[in-house]
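Presented below is the structure to which this report refers.
There are 2 protein chains.
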Amino acid sequence: MHRWKYFCNTMVSTAIKTEIITIGDELLLGQTIDTNSAWIGKKLGEHGFTINYKSTISDKESDILSAISLAQTRSEIVLITGGLGPTKDDITKHTLCKYFNCGYRTDELVIRHLEAIFAQRGKQLLETNLIQAELPAVCETLFNRAGTAPGMWFENEQGIVVSMPGVPNEVYTITEESLLPRLTQKYSLPKVLHKSLVTVMIAESLLSKRLEPYESNLPKGISLAYLPTFNTVKLRLTRTDASITESLFDTSFNNLLQELGSDVFCLNDQDPAQAISKYLLSKGITFSTAESCTGGYIANKLMQEPGISAIFPGSLVAYANEVKVRELGVKEEDLIANGAVSDSVASAMARGICEKFNVKLGISTTGIAGPSGGTDEKPVGLVFIGVCYNGEIIVKKHRMIGNREQFTHRTANAAFALIKQILQVEVLP
Amino acid sequence: MHRWKYFCNTMVSTAIKTEIITIGDELLLGQTIDTNSAWIGKKLGEHGFTINYKSTISDKESDILSAISLAQTRSEIVLITGGLGPTKDDITKHTLCKYFNCGYRTDELVIRHLEAIFAQRGKQLLETNLIQAELPAVCETLFNRAGTAPGMWFENEQGIVVSMPGVPNEVYTITEESLLPRLTQKYSLPKVLHKSLVTVMIAESLLSKRLEPYESNLPKGISLAYLPTFNTVKLRLTRTDASITESLFDTSFNNLLQELGSDVFCLNDQDPAQAISKYLLSKGITFSTAESCTGGYIANKLMQEPGISAIFPGSLVAYANEVKVRELGVKEEDLIANGAVSDSVASAMARGICEKFNVKLGISTTGIAGPSGGTDEKPVGLVFIGVCYNGEIIVKKHRMIGNREQFTHRTANAAFALIKQILQVEVLP
Numbered sequence: 001m002h003r004w005k006y007f008c009n010t011m012v013s014t015a016i017k018t019e020i021i022t023i024g025d026e027l028l029l030g031q032t033i034d035t036n037s038a039w040i041g042k043k044l045g046e047h048g049f050t051i052n053y054k055s056t057i058s059d060k061e062s063d064i065l066s067a068i069s070l071a072q073t074r075s076e077i078v079l080i081t082g083g084l085g086p087t088k089d090d091i092t093k094h095t096l097c098k099y100f101n102c103g104y105r106t107d108e109l110v111i112r113h114l115e116a117i118f119a120q121r122g123k124q125l126l127e128t129n130l131i132q133a134e135l136p137a138v139c140e141t142l143f144n145r146a147g148t149a150p151g152m153w154f155e156n157e158q159g160i161v162v163s164m165p166g167v168p169n170e171v172y173t174i175t176e177e178s179l180l181p182r183l184t185q186k187y188s189l190p191k192v193l194h195k196s197l198v199t200v201m202i203a204e205s206l207l208s209k210r211l212e213p214y215e216s217n218l219p220k221g222i223s224l225a226y227l228p229t230f231n232t233v234k235l236r237l238t239r240t241d242a243s244i245t246e247s248l249f250d251t252s253f254n255n256l257l258q259e260l261g262s263d264v265f266c267l268n269d270q271d272p273a274q275a276i277s278k279y280l281l282s283k284g285i286t287f288s289t290a291e292s293c294t295g296g297y298i299a300n301k302l303m304q305e306p307g308i309s310a311i312f313p314g315s316l317v318a319y320a321n322e323v324k325v326r327e328l329g330v331k332e333e334d335l336i337a338n339g340a341v342s343d344s345v346a347s348a349m350a351r352g353i354c355e356k357f358n359v360k361l362g363i364s365t366t367g368i369a370g371p372s373g374g375t376d377e378k379p380v381g382l383v384f385i386g387v388c389y390n391g392e393i394i395v396k397k398h399r400m401i402g403n404r405e406q407f408t409h410r411t412a413n414a415a416f417a418l419i420k421q422i423l424q425v426e427v428l429p
Numbered sequence: 430m431h432r433w434k435y436f437c438n439t440m441v442s443t444a445i446k447t448e449i450i451t452i453g454d455e456l457l458l459g460q461t462i463d464t465n466s467a468w469i470g471k472k473l474g475e476h477g478f479t480i481n482y483k484s485t486i487s488d489k490e491s492d493i494l495s496a497i498s499l500a501q502t503r504s505e506i507v508l509i510t511g512g513l514g515p516t517k518d519d520i521t522k523h524t525l526c527k528y529f530n531c532g533y534r535t536d537e538l539v540i541r542h543l544e545a546i547f548a549q550r551g552k553q554l555l556e557t558n559l560i561q562a563e564l565p566a567v568c569e570t571l572f573n574r575a576g577t578a579p580g581m582w583f584e585n586e587q588g589i590v591v592s593m594p595g596v597p598n599e600v601y602t603i604t605e606e607s608l609l610p611r612l613t614q615k616y617s618l619p620k621v622l623h624k625s626l627v628t629v630m631i632a633e634s635l636l637s638k639r640l641e642p643y644e645s646n647l648p649k650g651i652s653l654a655y656l657p658t659f660n661t662v663k664l665r666l667t668r669t670d671a672s673i674t675e676s677l678f679d680t681s682f683n684n685l686l687q688e689l690g691s692d693v694f695c696l697n698d699q700d701p702a703q704a705i706s707k708y709l710l711s712k713g714i715t716f717s718t719a720e721s722c723t724g725g726y727i728a729n730k731l732m733q734e735p736g737i738s739a740i741f742p743g744s745l746v747a748y749a750n751e752v753k754v755r756e757l758g759v760k761e762e763d764l765i766a767n768g769a770v771s772d773s774v775a776s777a778m779a780r781g782i783c784e785k786f787n788v789k790l791g792i793s794t795t796g797i798a799g800p801s802g803g804t805d806e807k808p809v810g811l812v813f814i815g816v817c818y819n820g821e822i823i824v825k826k827h828r829m830i831g832n833r834e835q836f837t838h839r840t841a842n843a844a845f846a847l848i849k850q851i852l853q854v855e856v857l858p
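If you're matching them up, the sequences are chains A and B in order.
In this text, residue positions in the first sequence follow this note's numbering: the first is 1, and each later residue adds one.
In this text, residue positions in the second sequence follow this note's numbering: the first is 430, and each later residue adds one.
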């Protein structure tokens, strides 16, 4: 028996079916990757709305009309993104007028917003831009602080239809500032429970073998999902049945943590780089990188955290051997005897960067990203990763599979695992 | 009248409706961004197959069954990704057995492939892994060189259903090596025509204003789309009607090029970084970067090109002022008089990196990425970008909008525009 509790202001309902329609030929053709719908799914999920269905359709009027119409038969909330630009290929607004059988109204607030934006940018407000203030007569305006095309909120007897522009930053702004406040006012939903952890450098099949007994004992109503990418696996526990109490759910997650021990890399939906950066910041551990094959990717991932300048003076990409020698103090005879892709060079680079930038933690990479440059002895994918912490040095050798991009991501994750090891942290918070 | 020409071996058809279904709660919840379907759309598009519809559904058997069933009523080819892992939450294979009303067969070739993979990795082949060789009896195997779960090809009176794993690298491998050869053997389709160009640092609304006469004169059957991201706009011309000849299509694209002149940054679906890297490689122009606020992002984008080591010795992230002084020769009095975020410091950094690494082209950035650190005089988003080429230096000041990530992407694109300017290239090939 379900025991969800509902506290609804306006509506009482057992589940608010929500669906996303993304509009754009560029999405079907694959010229643009849709990141909006994942973001919306995550954000709405935090507030108890579950996306049941996503679909992508072309910029054709007939396709848009039939998609909205179909969606309204199966979902109470329909969120549409895309096709609201000032250019001729954007027809969503006109199509919505047709669907809701209405004309246009001019929104004075939008005009004032457009004037302010263009004044700030020191640019001329064109006739084309003013079209953004012409909205379907029956919609309410969802203010868009981040851009020129406002969101639109429609209601009919079947439910709610919301249309937003396709530019990611504008979707985020409208959703957080205008859409979610309105949705959560209308519906008050029970909390959805998810908890996740990330493992690094452990194969999905090994994990699943090891977690077989755990999974068999999981209460019905809690499910475990494996989400692998580039040498990491995210394990996500979800409460699928509201009869499971929060405390039983927490216990199940704690059992999972116990089962995996220090093989858990980090928690709370963080990615490994974020978890490392935050930890280093909290402890005031200064760091730098000396990267060859990863070309600065590791430093760039680690310096995304606001405030990182307190512990990150800078870093070096040392691609050419002469840079390794001159900037990092790698020995020429070492390069000749062992080659640039070697244990001893990785070690010297990690030590060298600590000295150069006077930091406590140094990370180095030297390897063969491919596609060419491999030999029998040193094949494409071979990489040595070094970390130096307070004078101690660990170097690890890996053979990464995949193309150049995969090589870089996998090497970065392997480096993060090595950092956690040398810092002797059990689980990153 | 349509003048498409068809040369079909097996089937004669006017349009092969193709549809993608991606399976996975993680996609609906937004924990994973679906990059597969964009890639498939692009790849199949090159061979004349057009994706009409994409949908994303959960890992529930009933949802999978009804999605396949619906898709088969409206599309001849249905491509499914996801849900083929060795873990319990992956149910696609069992569901396909149900849909096609069949049992399992063991694929000996897949077993041998699994043995080879695990031997190469020096890992133990587990019972769990062998499950991957159990396939629905009625499907044909699509070999997966890159992973353990093979693709599956089903045919019934309604058309073709293909199931592939969700791991991007495996989708690419199966599609290129097994799926496309089979599809192109079965259908021979007319060429789809797309051509695109990219502009950098020109607003979409200004472009569309400028191209109004061009668009009005475009022949019916050719459409122009605007795809903006981070200070770039991709303009894509598509032949939507086969009565348009290739030569008329080419003429229309050439007119677009002429209209925009040197405001065209690059062609051929390249992104600006790729176009710059390839150009520098082709001319043997050595380069390096000294980045503050962009943290090595620009160097990392430019060094993705295979073979880049010939012209890229390495680069520096100079976050702290003392690194700017010590490593790049920025003057202390300059930092005191003008601050780190200034025209003169950007200029000194660009010159300094050229000297340090003995390269012809140096790129520097210094700015305030935010979210904090801004003042009235130097607000968040302010950035100075310097480029130095053969001794000549240009510095440009920008105010970027958006968060830290957007700041970085926009600054990188502004830097690419400045590189094109100093190199005096009309349009990057």
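Just so you know, even glycine gets a beta-carbon here, dropped at the ideal spot from N, CA and C.
Computed from a predicted structure; not experimentally measured.
- Taking a Cβ-Cβ threshold of 8 Å, none of the residues of chain B is close to D107(A); the smallest such distance is about 18 Å.
- Within the segment 800-812 of chain B, contact with chain A at the beta-carbon level (separation under 7 Å) is assigned to P800 and S801.
- In the three-state reduction of the DSSP assignment, H398(A) falls in the strand class, which pools E and B.
- With its beta carbon less than 9 Å from one in chain B, W39(A) belongs to the interface.
- At least 9 Å separates the beta-carbon of V754(B) from that of S721(B).
- Going by DSSP, S163(A) is part of the beta strand (DSSP E) stretching over G159 to M164.
- Under a 10 Å Cβ-count criterion, D25(A) is classified as buried, with 16 or more other Cβ atoms of the shown protein chains found around its own Cβ.
- With its beta carbon less than 9 Å from one in chain A, I462(B) belongs to the interface.
- In chain order, G768, V770 and I797 place their CB closer than 8 Å to the CB of K807(B), counting only its own chain and leaving out the 5 sequence neighbours on each side.
- Non-local C-beta neighbours of R534(B) in its own chain, meaning closer than 7 Å and more than five positions away in sequence, comprise L564 and A566, ordered along the chain.
- Straight through space, the alpha carbons of I651(B) and F678(B) are spaced by roughly 7 Å.
- Membership of P610(B) in any beta strand (DSSP E) is not indicated; the residue belongs instead to the alpha helix (DSSP H) covering L609 to K615.
- Rounded to the nearest whole angstrom, the CA to CA distance from Y279(A) to M303(A) is 12 Å.
- Cβ neighbours of L543(B) within its own chain (closer than 8 Å, five residues either side excluded): L554, N558, L559, Q561, A562 and T577.
- Among the residues of the segment 137-161 of chain A, those with a Cβ less than 9 Å away from any Cβ of chain B are A146 and T148, in the order of the chain.
- Under the DSSP definition of a beta bridge, M152(A) partners with T141(A) and S163(A).
- By the neighbour-count definition (other C-beta atoms within 10 Å, threshold 16), G307(A) is an exposed residue.
- Around the Cβ of A348(A), a 10 Å sphere holds 16 or more other Cβ atoms; the residue is buried.
- For F287(A), the enclosing beta strand (DSSP E) stretches over residues F287 to E291.
- Three or more beta-carbon pairs separated by less than 8 Å are not found between the segment 484-503 of chain B and the segment 62-82 of chain A, which leaves the two stretches without contact.
- Contact with chain A is absent for M593(B), since none of that chain's Cβ atoms lies less than 9 Å from the residue's Cβ.
- Contact between the segment 227-238 of chain A and the segment 163-174 of chain A is absent, with fewer than three C-beta pairs closer than 8 Å.
- In the three-state DSSP reduction, A346(A) falls in the helix class (H, G or I).
- The beta carbon of N819(B) sits no closer than 9 Å to any beta carbon of chain A.
- For H623(B), the enclosing beta strand (DSSP E) begins and ends at H623 to V629.
- With a threshold of 9 Å between beta carbons, M400(A) makes no contact with chain B.
- With respect to the 9 Å criterion, T667(B) and A841(B) are not classified as neighbours on the basis of their beta carbons.
- Within chain A, the residues Y53 have their CB atoms less than 7 Å from the CB of I486(B), given in chain order.
- With 16 or more other Cβ atoms inside 10 Å of its own Cβ, T718(B) counts as buried.
- In the structure shown, C695(B) falls within a strand segment according to DSSP collapsed to helix, strand and coil.
- One thing to note: F287(A) has its Cβ no nearer than 9 Å to the Cβ of A275(A).
- The DSSP-derived three-state label of L457(B) is helix.
- H194(A) and L235(A) have their C-alpha atoms spaced approximately 10 Å apart.
- For I394(A), not one C-beta of chain B is nearer than 9 Å to its own C-beta.
- When C-alpha distances from K283(A) are compared across E212(A), E19(A) and K360(A), the shortest belongs to K360(A).
- Per DSSP, the unbroken alpha helix (DSSP H) holding Y708(B) starts and ends at P701 to K712.
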